[in-house]
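Below you'll find the structure, written out as structure tokens, and then a few comments.
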Amino acid sequence: MHRGTTTADHQTVARPVAAMALDYKASTFEPPHAHPRAQLLHATSGVMQITTAAASWIIPPGRALWLPAFTVHDVRCRGDVSFRTLYIDEATAGVALPKQAQVIAVSDLLTELILEATALPLEYDREGRDGRVMTLILDELQRMPVLPLSLVMPADPRLRRICAALLEHPGDQSDLDRWARRAGMARRTLTRRFRAETGLGFGEWRQQLRLLEGLSRIVTGQSVTGAALDAGYHSPSAFTAAFASTLGAPPSKYRSR
Numbered sequence: 005m006h007r008g009t010t011t012a013d014h015q016t017v018a019r020p021v022a023a024m025a026l027d028y029k030a031s032t033f034e035p036p037h038a039h040p041r042a043q044l045l046h047a048t049s050g051v052m053q054i055t056t057a058a059a060s061w062i063i064p065p066g067r068a069l070w071l072p073a074f075t076v077h078d079v080r081c082r083g084d085v086s087f088r089t090l091y092i093d094e095a096t097a098g099v100a101l102p103k104q105a106q107v108i109a110v111s112d113l114l115t116e117l118i119l120e121a122t123a124l125p126l127e128y129d130r131e132g133r134d135g136r137v138m139t140l141i142l143d144e145l146q147r148m149p150v151l152p153l154s155l156v157m158p159a160d161p162r163l164r165r166i167c168a169a170l171l172e173h174p175g176d177q178s179d180l181d182r183w184a185r186r187a188g189m190a191r192r193t194l195t196r197r198f199r200a201e202t203g204l205g206f207g208e209w210r211q212q213l214r215l216l217e218g219l220s221r222i223v224t225g226q227s228v229t230g231a232a233l234d235a236g237y238h239s240p241s242a243f244t245a246a247f248a249s250t251l252g253a254p255p256s257k258y259r260s261r
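Sequential numbering of the sequence shown, starting at 5, is according to the numbering used here.
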């Protein structure tokens, strides 16, 4: 039973879906790359940060990132990470699939289907039971809700450097004036260009980053208080309120799950 051992195997196989299981050590970094097939990255444990020219995402367990074909992206691991990835040939899949990168929830059914897919032969029987598993995966992908776990990245190199610095140090408390000086921009210019390029004010963008950073820390085992303070919140209660408003449950319940 040929499973395929390289990413290249999974790009060229004459099947609409190819599945692969991967495990990465903490701090693993995959530099920018792209695949000729669309990709679904599903974390089963640990947290991934994935960045493209347009946005950055935090992917905790129970969530997955959809990337259309040829999307250039890098991958950074927060702690040890196990994930399952699907490579999908959009031309032969036979269903309408998303045209833009997005985070989706992963139901229990879809999780089990993905795990099963990674155990199937690379050249599975399309007309038999294995083919029906892959078809059901494609059906389920269309039903999963999209989640607000992304950060739009600006194109302006000066603004992008600011965002990269904050991604590296989310708890940085520097105010807008200090960031404007670092970027060599007037405060008003920075504010106007940032909203034009990301759709968010600078403060809103930074709050979204802090929320995602706090989520990442909770999933990797940190306490709610520690996660809140390290992510840049002034109090755990502020973090809890923002978390519940965005993700529909307080961080304590999410951490227990």
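C-beta: ideal position from N, C-alpha, C; glycine also.
Rounded to the nearest angstrom, what separates arginine 67 and histidine 14 at their Cα positions?
As a working mapping, residue 67 is identified with position 63 in the sequence shown. As a working mapping, residue 14 is identified with position 10 in the sequence shown. Their backbone Cα atoms lie some 22 Å apart in a straight line.
Mind checking phenylalanine 74: buried by the 16 CB within 10 Å criterion, or exposed?
Locating residue 74 in the sequence shown gives position 70, where the first residue counts as 1. So phenylalanine 74 ends up on the exposed side.
Compare the beta carbon distance of glycine 252 and alanine 231 with 8 Å and say whether it is the shorter of the two.
In the sequence shown, residue 252 corresponds to position 248, counting from 1. In the sequence shown, residue 231 corresponds to position 227, counting from 1. Contact: no.
If contacts are defined as beta-carbon pairs under 8 Å, then isoleucine 62 and leucine 153 qualify, I think. What distance do you get, rounded to the angstrom?
Indexing the sequence shown from 1 puts residue 62 at position 58. Indexing the sequence shown from 1 puts residue 153 at position 149. Contact flag correct, Cβ pair sits at about 6 Å.
I'd like to know whether the C-beta atoms of alanine 2 and alanine 23 end up nearer to each other than 8 Å.
Since the displayed the chain opens at 5 and closes at 261, residue 2 lies outside it and no answer follows.
Threonine 55 lies in the beta strand (DSSP E); which residues open and close that run?
Your numbering for residue 55 matches position 51 in the sequence shown. Here the beta strand (DSSP E) through threonine 55 covers 42-55.
Quick check on DSSP: helix, strand or coil for valine 76?
For the purposes of this step, residue 76 is identified with residue 72 of the sequence shown, where counting begins at 1. Here valine 76 sits in coil by DSSP.
From this set, Val21, Met52 and Leu117, which residue's C-alpha is nearest tyrosine 128's C-alpha?
Start at 1 with the first residue of the sequence shown, and residue 128 comes out as number 124. Checked all of Val21, Met52 and Leu117; the closest Cα to tyrosine 128 is Val21.
Taking the alpha-carbon positions, what's the arginine 197 to leucine 126 distance?
Counting from 1 along the sequence shown, the entry for residue 197 is found at position 193. Counting from 1 along the sequence shown, the entry for residue 126 is found at position 122. Spanning the two alpha carbons is a distance of roughly 47 Å.
Alpha carbon to alpha carbon, how far is methionine 52 from proline 72?
Taking the first residue of the sequence shown as 1, we reach residue 52 at position 48. Taking the first residue of the sequence shown as 1, we reach residue 72 at position 68. Whole-angstrom Cα-Cα distance: 18 Å.
How far does the beta strand (DSSP E) with leucine 155 in it reach, from first residue to last?
Here residue 155 refers to the residue found at position 151 when the sequence shown is read from its first residue. Run containing leucine 155: 154-156, per the beta strand (DSSP E) assignment.
Specify, as a first and last residue, the run of the alpha helix (DSSP H) that serine 220 falls within.
Working through the sequence shown from its first residue, we reach residue 220 at position 216. Start and end: 206-223.
Is the number of C-beta pairs between the segment 181-196 and the segment 157-169 that are closer than 8 Å three or more?
yes
Comparing C-alpha positions only, which one of His46, Ala38 and Val228 sits nearest to cysteine 81?
Counting from one through the sequence shown, the residue named residue 81 turns up at place 77. Taking only the C-alpha atoms, the option nearest cysteine 81 is His46.
Pick out the complete alpha helix (DSSP H) segments inside the segment 127-205, 4 residues or longer, and give them in chain order.
133-145, 161-172, 180-187 and 191-202
If I follow the unbroken beta strand (DSSP E) through phenylalanine 27, where does it start and stop?
Here residue 27 corresponds to residue number 23 of the sequence shown, with the count starting at 1. A small fix is needed here, since residue 27 is aspartate in this sequence, not phenylalanine. First-last of the beta strand (DSSP E) with aspartate 27: 21-28.
Alpha-carbon spacing of isoleucine 166 relative to tryptophan 183, whole angstroms:
Indexing the sequence shown from 1 puts residue 166 at position 162. Indexing the sequence shown from 1 puts residue 183 at position 179. When rounded, the distance between both Cα atoms is 7 Å.
Looking only at its chain, what residues have a beta carbon closer than 6 Å to the beta carbon of proline 174, apart from the 5 residues adjacent to it on each side?
Taking the first residue of the sequence shown as 1, we reach residue 174 at position 170. Result list for proline 174: Leu213, Arg214, Glu217, Ala235 and Gly236, in chain order.
Check this for me: beta carbons of leucine 90 and isoleucine 54, under 8 Å apart or not?
Position 86 of the sequence shown holds residue 90. Position 50 of the sequence shown holds residue 54. The answer is no: Cβ separation not under 8 Å.
Quick test of the definition: if touching needs 3 or more C-beta pairs under 8 Å, does the segment 105-114 touch the segment 129-148?
yes
Kindly give me the distance between the Cβ atoms of arginine 254 and alanine 248, rounded to whole angstroms, as I take these residues to be in contact under 8 Å.
Position 250 of the sequence shown, counted from the start, is the residue given in the question as residue 254. Position 244 of the sequence shown, counted from the start, is the residue given in the question as residue 248. Contrary to the premise, residue 254 reads as proline rather than arginine in this sequence. So it is a contact: roughly 5 Å between Cβ atoms.
Mapping the DSSP letters down to three states, classify methionine 5 as helix, strand or coil.
Position 1 of the sequence shown, counted from the first residue, corresponds to residue 5. Residue confidence is low: methionine 5 scores 43 on pLDDT, short of 50, so the model does not pin down where it sits. Its coordinate-derived value is still stated next. If DSSP states are grouped into helix, strand and coil, methionine 5 belongs with coil.
Nearest candidate by alpha-carbon position, reference alanine 59, set Ser220, Pro65 and Trp70
Residue mapping note: residue 59 aligns to position 55 of the sequence shown, counting from 1. Nearest of Ser220, Pro65 and Trp70 to alanine 59, Cα basis: Trp70.
Measuring CA to CA, which of Gly83, Pro35, Val76 and Ala42 is closest to lysine 29?
Counted from its first residue, the sequence shown places residue 29 at position 25. Considering only alpha carbons, the answer is Gly83.
Quick one: what's leucine 71 bridged to in DSSP?
As a first step, residue 71 is located in the sequence shown; it is residue number 67 there, counting from the start. BP columns for leucine 71 point to Gln43.
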